[in-house]
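For reference, the structure discussed in these notes is given below.
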Amino acid sequence: MEIVIQEQKEGDSGEVFNVKLQPIPSKPVKVVNTDEKNNDNLQNSNGRTIQVIDISAYKQVREIRESFEDLGEIEKIYTRGAGLYQIAFITYKDANSISYFNKQWSYHINKDIVRVLPLLLSKEEREKRKQFSLRLSGLHYQTSGYNLKEVMTQCKGKTCFIPAVMIRGKYQRCRYAYIHFSSREDLMAARQMNIEFKKGNAGARKLYWSKEENRICNICGLR
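With numbering that gives the first Met the number 0 applied, the sequence shown covers 0 to 222.
So, in structure tokens, the structure goes:
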């Protein structure tokens, strides 16, 4: 397509002549959808993020970071309180750093065991990770998740949560733990086990399995 404009020569002649212009097509400009870009960035970030629960309220961010840095370089960490506990969201710089938690359900912060969920874990997988659980009672005073490491291996437990209470202003762990299993078969096999638990120089104690909702003595196991 040509565009013709008329111009008049300078001077007294007043002569008019035509000037032809050939337009040059401009290159198409890609319009970036801001919402799509933000969604892509969010999806990328979520794919590198884990949610950590059951963290004691007194744990400092520095302690949490130092434990999880063993798996890779951390980009950012965010925590929020939840009563006697806190929840952390940890984003790594490399998505491969969280691949450990595709099969592992827990990790450690010093001597505490905490549950870990990749942020992009499906709803079905999240439900599975809390579907099969038992209460294990009869623990020694102030038992930590680290103390139960051998017990967890023996019964094929995937996570271990020891609740805590405030007694006269002091944070104290309960004498029982909630153990989660990956299948009903592992749960049923664990219930058949007679487990004796020894902590430090203290004598061995017999531990007792029960359903979470059962009302029992958490020291001797009696109903």
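In this text, a Cβ means the ideal position worked out from N, Cα and C, and glycines have one as well. The structure displayed is predicted, hence computed values, not measured ones.
DSSP on residue i, reduced to helix/strand/coil?
i, result
"Y145", "helix"
"E230", "With the chain represented from 0 up to 222, any question about residue 230 goes unanswered, as that position is not in the structure."
"H74", "The identity of residue 74 in the sequence shown is Glu, whereas the question assumes His. In this structure, E74 counts as strand in the three-state DSSP scheme."
"Y99", "helix"
"C216", "coil"
"V18", "Bear in mind that a pLDDT of 49 at V18, under 50, signals an unreliable position, so the model cannot answer this."
"L186", "helix"
"D93", "coil"
"T209", "The sequence given here places Ser at residue 209; Thr does not occur at that position. The answer is strand: DSSP assigns S209 an E or B state."
"R125", "helix"
Would you decide whether residue i is buried or exposed? Buried here means 16 or more other CB atoms lie within 10 Å of its CB.
i, result
"G82", "exposed"
"A203", "exposed"
"S143", "buried"
"Q130", "exposed"
"Y77", "exposed"
"P117", "buried"
"K157", "buried"
"N43", "exposed"
"Q141", "exposed"
"R128", "buried"
"W104", "buried"
"G137", "buried"
"C216", "exposed"
"N109", "exposed"
"V18", "Unreliable positioning characterises V18 in this predicted model, as indicated by a pLDDT of 49, which lies under 50. A coordinate reading is not provided."
"C219", "exposed"
"Q153", "exposed"
"Y106", "buried"
"N95", "exposed"
Using the DSSP secondary-structure output, state which residues sit across from residue i in a beta bridge.
i, result
"K169", "I166"
"I161", "In the DSSP output, where bridge partners are listed per residue, I161 has none listed."
"Q85", "I54, G80"
"H179", "S132, T158"
"V60", "Answer by DSSP bridge pairing: none, since V60 is not bridged."
"D111", "I108"
"R204", "F196"
"T227", "In this structure the chain extends from 0 to 222, so residue 227 is not present and cannot be described."
"L118", "The partner list for L118 (beta bridge, DSSP) is empty, contrary to what the question assumes."
Assess, as a yes-or-no matter, whether the segment 159-170 is touched by the segment 193-203 under the definition of 3 or more beta carbon pairs within less than 8 Å.
-> no
Inter-stretch contact (C-beta, 8 Å, three-pair minimum) for the segment 83-101 and the segment 176-193 = no
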